[in-house]
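Engineer:
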Amino acid sequence: QKEVEQNSGPLSVPEGAIASLNCTYSDRVSQSFFWYRQYSGKSPELIMSIYSNGDKEDGRFTAQLNKASQYVSLLIRDSQPSDSATYLCAVKGLGNEKLTFGTGTRLTIIP
Amino acid sequence: NAGVTQTPKFRILKIGQSMTLQCTQDMNHNYMYWYRQDPGMGLKLIYYSVGAGITDKGEVPNGYNVSRSTTEDFPLRLELAAPSQTSVYFCASSLDSNQPQHFGDGTRLSIL
Chain R
1 QKEVEQNSGP LSVPEGAIAS LNCTYSDRVS QSFFWYRQYS GKSPELIMSI YSNGDKEDGR
61 FTAQLNKASQ YVSLLIRDSQ PSDSATYLCA VKGLGNEKLT FGTGTRLTII P
Chain Z
1001 NAGVTQTPKF RILKIGQSMT LQCTQDMNHN YMYWYRQDPG MGLKLIYYSV GAGITDKGEV
1061 PNGYNVSRST TEDFPLRLEL AAPSQTSVYF CASSLDSNQP QHFGDGTRLS IL
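Residue numbers (the working numbering), protein chains in the order written: chain R, 1 to 111; chain Z, 1001 to 1112.
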């Protein structure tokens, strides 16, 4: 079992709809969770960080964390063509100095 | 706001050559990381550092070396370039291990 798993996609969503990206992790004591967006040929950029169970909203983005079920998700409301990118989930375990990245989900917003 | 700066942006090496990828950050971050990303793949950690003078291996350290003499700089050295090291290399930094990592723009390296 991979430490951090994401559906590789591609995930296609109509413009204006909600895009839902999911990530599961295996380390039960993980404590820090991050979503990064990576455009083709570019470096990852931070979208959201979340540390506690529940939802965290920032503009059109909402991160959801459920530690009991070991998953973290990212919702993108009112999806725009500019949201088309690969989204990377990253998780840090307790006592671990490193992040573990998933392989990413490629999202395409269809105009 | 420079953030994390990587040089060079592109480089072509011949097999067996050596080179150093430079990374510097101006955010006074303690933690610095080197990743490689092969086409269509995820990020793989090569080396990381939790502070000046302290480095540790990541997932794929073979063929690479690092040093951390200052808080700002974390160079990555390839001693004997091999075709398998063709990749995009990203440097990142964070204040501590629980804070988000900030990435540089990357170095695209081809070994021919």
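For glycine and all other residues, C-beta sits at the position ideal for the given N, C-alpha and C.
On a CA-only basis, which of Z:I1015, Z:P1008, Z:P1061, Z:V1088 is nearest S1049 (chain Z)? Give me that one, please.
Structural biologist: Minimum Cα distance to S1049 (chain Z) is reached at Z:P1061.
Engineer: Quick one: Cα of S32 (chain R) to Cα of V91 (chain R), how far?
Structural biologist: Between S32 (chain R) and V91 (chain R), the C-alpha separation is close to 6 Å.
Engineer: State the start and end residues of the unbroken beta strand (DSSP E) segment that holds F34 (chain R).
Structural biologist: Element bounds for F34 (chain R): 32-38.
Engineer: Beta-carbon within less than 6 Å of C23 (chain R)'s beta-carbon, same chain only, minus the 5 sequence neighbours each way: which residues are those?
Structural biologist: Only Q6, V72, C89, G102 meet the Cβ criterion.
Engineer: For the beta strand (DSSP E) holding N1065 (chain Z), just list the boundary residues, first then last.
Structural biologist: First-last of the beta strand (DSSP E) with N1065 (chain Z): 1064-1066.
Engineer: Do you know whose CA, among R:A68, R:S69, R:Q70, R:N53, lies nearest T62 (chain R)'s CA?
Structural biologist: Of R:A68, R:S69, R:Q70, R:N53, the residue nearest in Cα terms is R:N53.
Engineer: DSSP puts D27 (chain R) in a beta bridge; with which residues?
Structural biologist: Answer is none; D27 (chain R) lacks a bridge partner.
Engineer: Please compile the residues from chain Z whose C-beta is within a distance smaller than 7 Å of the C-beta of L99 (chain R).
Structural biologist: In chain order: Q1101.
Engineer: Write down the C-beta distance between L1112 (chain Z) and S1018 (chain Z) rounded to the nearest angstrom, noting that I regard them as a contact closer than 8 Å.
Structural biologist: L1112 (chain Z) to S1018 (chain Z), Cβ: 15 Å. No contact.
Engineer: Between the stretch 1037-1063 of chain Z and chain R, which residues of the former have a C-beta closer than 8 Å to a C-beta of the latter?
Structural biologist: Listed by position, the residues of the stretch 1037-1063 of chain Z near chain R (Cβ gap below 8 Å) are M1041, G1042, L1043, L1045, Y1048, V1050, D1056, G1058.
Engineer: S20 (chain R) by DSSP, collapsed to three states: which one?
Structural biologist: Looking at S20 (chain R) - three-state DSSP - the assignment turns out to be strand.
Engineer: Going by beta-carbon coordinates alone, are S1087 (chain Z) and D1038 (chain Z) separated by less than 8 Å?
Structural biologist: A contact, by the Cβ cut-off of 8 Å.
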